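Below you'll find the structure, written out as structure tokens, and then a few comments.
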Amino acid sequence: MYNVSIIGLGWVGLAYSAFFTSRKVRVIGVDVDERKIGMLKRGVMPFYEPGISELLRSALRNGLFSPTISYKEAIRLSDILFITVGTPSLADGRIDLKYVSSAVESLGKCLAEVNEYKLIVVKSTVIPGTTLNLVGRILEKTSGKTLGKHFGLCFNPEFLKEGTALRDLEKPDRIVIGAYDKKSGEVLRKFYKEVYGDEIPPVLCTNIVNAELIKYASNAFLAMKISFINTFANLCEKLPGADVNTVAKGIGLDSRINPRFLRAGVGFGGSCFRKDLMAIINLCKDKGVDSSLLESVIKINDLQRRHVIEIIEKEFSNLKNVTVAILGLSFKPNTDDLRDAPSIDIVRELLDRRAIVKVYDPVAMEKFKKIFGEKVKYCSSMLDCIKGADCAVIVTEWSEFKNLTPDDFLKNMRRPIVVDGRRIYDPELFSKKLKYYGIGWGGSI
Numbered sequence: 023m024y025n026v027s028i029i030g031l032g033w034v035g036l037a038y039s040a041f042f043t044s045r046k047v048r049v050i051g052v053d054v055d056e057r058k059i060g061m062l063k064r065g066v067m068p069f070y071e072p073g074i075s076e077l078l079r080s081a082l083r084n085g086l087f088s089p090t091i092s093y094k095e096a097i098r099l100s101d102i103l104f105i106t107v108g109t110p111s112l113a114d115g116r117i118d119l120k121y122v123s124s125a126v127e128s129l130g131k132c133l134a135e136v137n138e139y140k141l142i143v144v145k146s147t148v149i150p151g152t153t154l155n156l157v158g159r160i161l162e163k164t165s166g167k168t169l170g171k172h173f174g175l176c177f178n179p180e181f182l183k184e185g186t187a188l189r190d191l192e193k194p195d196r197i198v199i200g201a202y203d204k205k206s207g208e209v210l211r212k213f214y215k216e217v218y219g220d221e222i223p224p225v226l227c228t229n230i231v232n233a234e235l236i237k238y239a240s241n242a243f244l245a246m247k248i249s250f251i252n253t254f255a256n257l258c259e260k261l262p263g264a265d266v267n268t269v270a271k272g273i274g275l276d277s278r279i280n281p282r283f284l285r286a287g288v289g290f291g292g293s294c295f296r297k298d299l300m301a302i303i304n305l306c307k308d309k310g311v312d313s314s315l316l317e318s319v320i321k322i323n324d325l326q327r328r329h330v331i332e333i334i335e336k337e338f339s340n341l342k343n344v345t346v347a348i349l350g351l352s353f354k355p356n357t358d359d360l361r362d363a364p365s366i367d368i369v370r371e372l373l374d375r376r377a378i379v380k381v382y383d384p385v386a387m388e389k390f391k392k393i394f395g396e397k398v399k400y401c402s403s404m405l406d407c408i409k410g411a412d413c414a415v416i417v418t419e420w421s422e423f424k425n426l427t428p429d430d431f432l433k434n435m436r437r438p439i440v441v442d443g444r445r446i447y448d449p450e451l452f453s454k455k456l457k458y459y460g461i462g463w464g465g466s467i
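Counting with the working numbering, you get residues 23 to 467 for the letters of the sequence shown.
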């Protein structure tokens with residue numbers, strides 16, 4: 023079995039570390055953040071993701087996971103080194119490659135000191151051309167070695183979803199390997215064969231630029247599906263008897279379309295979709311390619327967040343001193359990630375209108391406090407959140423929220439008005455007992 027290093031212990035890096043160690047692969051985890059390394063050595067996770075903490079604590083006890091700040095140790099003890107550092111957006115929407123460049127320079131300097139062949143695998147999402155023209159060149163320059171002879175290079179995108187990362191890794195739809203040369207691709211393919219055994223998913227081997235494009239095209243297409251169905255959701259709200267959930271089910275039964283990511287709501291969030299769309303839009307502009315389709319995906323998503331405020335303002339012409347309960351803060355359930363979370367924009371809009379805002383989320387409250395401080399009221403439970411509220415908004419579809427009944431809202435709220443931003447309730451049932459607005463529901467005929 024190969025020994026591997028994971029360079030960059032953020033969400034992606036730790037998800038892969040946990041999964042690989044569960045398959046008995048020895049992992050050296052490298053990060054420049056000494057505080058994070060100290061936490062990981064104590065078995066403390068820097069974020070919430072189901073199942074990862076338990077696997078990494080077990081791997082620490084069994085000697086399969088070694089967090090360190092040492093690139094030298096990683097190069098010396100590993101056959102394959104995965105780069106999973108972040109590629110955040112710059113102000114203009116292009117990606118910032120400083121973390122990639124820094125990690126690769128450190129790897130290259132250490133690569134100069136070893137004689138064995140090493141495979142460098144980029145998992146960080148980078149614009150087409152980056153792996154070969156930036157990563158490859160920096161490695162050659164800093165190591166004094168020749169790509170293809172002394173070390174190999176691949177781009178191997180990840181397709182993980184926050185909240186289900188381990189499940190996605192255990193049963194992936196596919197593995198995409200963009201290889202510099204035949205040897206690089208064969209080494210990585212052999213590694214995955216050892217990891218998955220007879221359960222290995224379909225493996226697509228291609229060149230590096232195709233693999234880089236596949237990552238961007240995948241995320242852009244999924245984001246487009248969400249904005250597409252939200253457009254029809256807004257239309258359904260204008261048509262009595264229409265329900266976007268039924269429309270989505272009907273088109274999702276078409277095998278050419280499938281139902282995944284056809285859930286109308288308050289729009290997408292997270293660290294990937296907007297960032298990747300902006301990056302590929304900028305690339306299109308640089309290459310003289312029309313990007314209006316991709317730009318509309320972002321525009322529709324932004325409008326969807328404002329649409330929640332528009333719904334509330336149907337009931338309250340002036341939101342000053344109106345108490346609004348926000349149920350769910352993370353951008354999706356089973357994570358504490360607030361990056362580009364719809365809740366942030368919605369709460370800001372409410373505060374700008376001088377509403378009183380109460381919030382509750384099972385795991386994301388502390389992170390939300392770092393953004394809003396004492397501007398909102400933090401509640402201990404979902405019932406505490408809706409108590410005394412004039413309006414309740416479902417922003418994240420946490421499973422516990424689905425247990426709320428119309429009577430729960432009637433008994434606890436001052437004015438029982440519910441804006442179901444994730445369509446987790448039965449509109450026919452709720453609308454009979456209280457004022458109910460569901461995204462994409464046009465009301466009864």
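Every residue gets a Cβ at the ideal spot worked out from N, C-alpha and C, and that includes glycine.
Computed from a predicted model, the values in this text were never measured in an experiment.
Check	Outcome
Please say whether residue 422 and residue 384 have beta carbons closer to each other than 9 Å?	yes
Give me the Cα-Cα distance between residue 463 and residue 49, rounded to the nearest whole angstrom.	49 Å
At 4 residues or longer, what runs of the alpha helix (DSSP H) sit wholly inside the region 165-204?	187-192
Around the C-beta of residue 152, are 16 or more other C-beta atoms found within 10 angstroms, so that it is buried, or is it exposed?	buried
Compute the distance between the beta-carbons of residue 42 and residue 26, then report whether it is under 9 Å.	yes
Considering residue 154, what are the terminal residues of the beta strand (DSSP E) in which it resides?	It is not in any beta strand (DSSP E) - residue 154 carries neither H nor E in the DSSP assignment.
Can you list, in chain order, the residues of its chain with a C-beta nearer than 7 Å to that of residue 255? Leave out the 5 residues immediately preceding and following it.	266, 286, 461, 462
Would you give the residue range spanned by the beta strand (DSSP E) that residue 51 belongs to?	49-52
Could you say which of 291, 435, 317, 293 lies nearest to residue 5 if we only look at CA atoms?	The first residue shown for the chain is 23 and the last is 467, placing residue 5 beyond what the model contains.
In this structure, does DSSP put residue 35 in helix, strand or coil?	helix
For residue 279, report the span of its beta strand (DSSP E) as first-last.	Unbroken run through residue 279: none, as it is neither H nor E.
Grab the span of the alpha helix (DSSP H) containing residue 312 for me, first residue to last.	Premise fails: residue 312 is in no alpha helix (DSSP H) and is neither H nor E.
Just to confirm my understanding: we take residue 318, look at its own chain, exclude 5 residues before and 5 after, and list those with CB closer than 8 Å. What are they?	249
Could you please give the first and the last residue of the uninterrupted alpha helix (DSSP H) stretch that includes residue 94?	93-99
Check this for me: beta carbons of residue 238 and residue 187, under 9 Å apart or not?	no
Measuring CB to CB, does residue 380 end up less than 9 Å from residue 398?	yes
Taking just the CA atoms, how far does residue 108 sit from residue 11?	Outside the displayed range of the chain (23 to 467) lies residue 11, so it cannot be described from this structure.
Helix, strand or coil for residue 303 per DSSP?	helix
Measure the beta-carbon distance from residue 426 to residue 455 and round it to whole angstroms, keeping in mind my assumption that it falls under 8 Å.	That belief does not hold up - the Cβ atoms of residue 426 and residue 455 are roughly 12 Å apart, past 8 Å.
I need the DSSP call for residue 336, collapsed to helix, strand or coil.	helix
Can you list, in chain order, the residues of its chain with a C-beta nearer than 6 Å to that of residue 306? Leave out the 5 residues immediately preceding and following it.	313
Taking DSSP's pairing of strands, which residues face residue 442 in a bridge?	416, 460
Do residue 224 and residue 190 have their CB atoms nearer than 9 Å?	no
Can you give the Cα-Cα distance for residue 102 and residue 201, rounded to whole angstroms?	13 Å
Near residue 236, which residues of its chain fall below 7 Å by C-beta distance, leaving aside the five closest residues on each side in sequence?	179, 198
Helix, strand or coil: how does DSSP classify residue 379 here?	strand
Helix, strand or coil for residue 428? Go by DSSP, reduced to three states.	helix
Is the Cβ-Cβ distance between residue 292 and residue 370 less than 9 Å?	no
Measuring CB to CB, does residue 330 end up less than 9 Å from residue 441?	yes
Cutting at 6 Å between CB atoms, please list the residues of its own chain near residue 244, excluding the five before and the five after it.	283
Where in the region 341-381 do unbroken runs of the beta strand (DSSP E), each at least 3 residues long, occur, reported from the N-terminal end onward?	345-349
Taking residue 120 as part of the alpha helix (DSSP H), name the residues at either end of that continuous run.	120-133
Using only the alpha-carbon positions, how far apart do residue 478 and residue 44 sit?	Residue 478 is absent from the model: the chain starts at 23 and stops at 467.
Count the other C-beta atoms from every protein chain shown that fall within 10 angstroms of the C-beta of residue 332, then say buried if there are 16 or more, exposed otherwise.	exposed
Where do the ends of the beta strand (DSSP E) carrying residue 66 lie?	Premise fails: residue 66 is in no beta strand (DSSP E) and is neither H nor E.
In angstroms with no decimal places, state the Cα-to-Cα distance between residue 416 and residue 350.	7 Å
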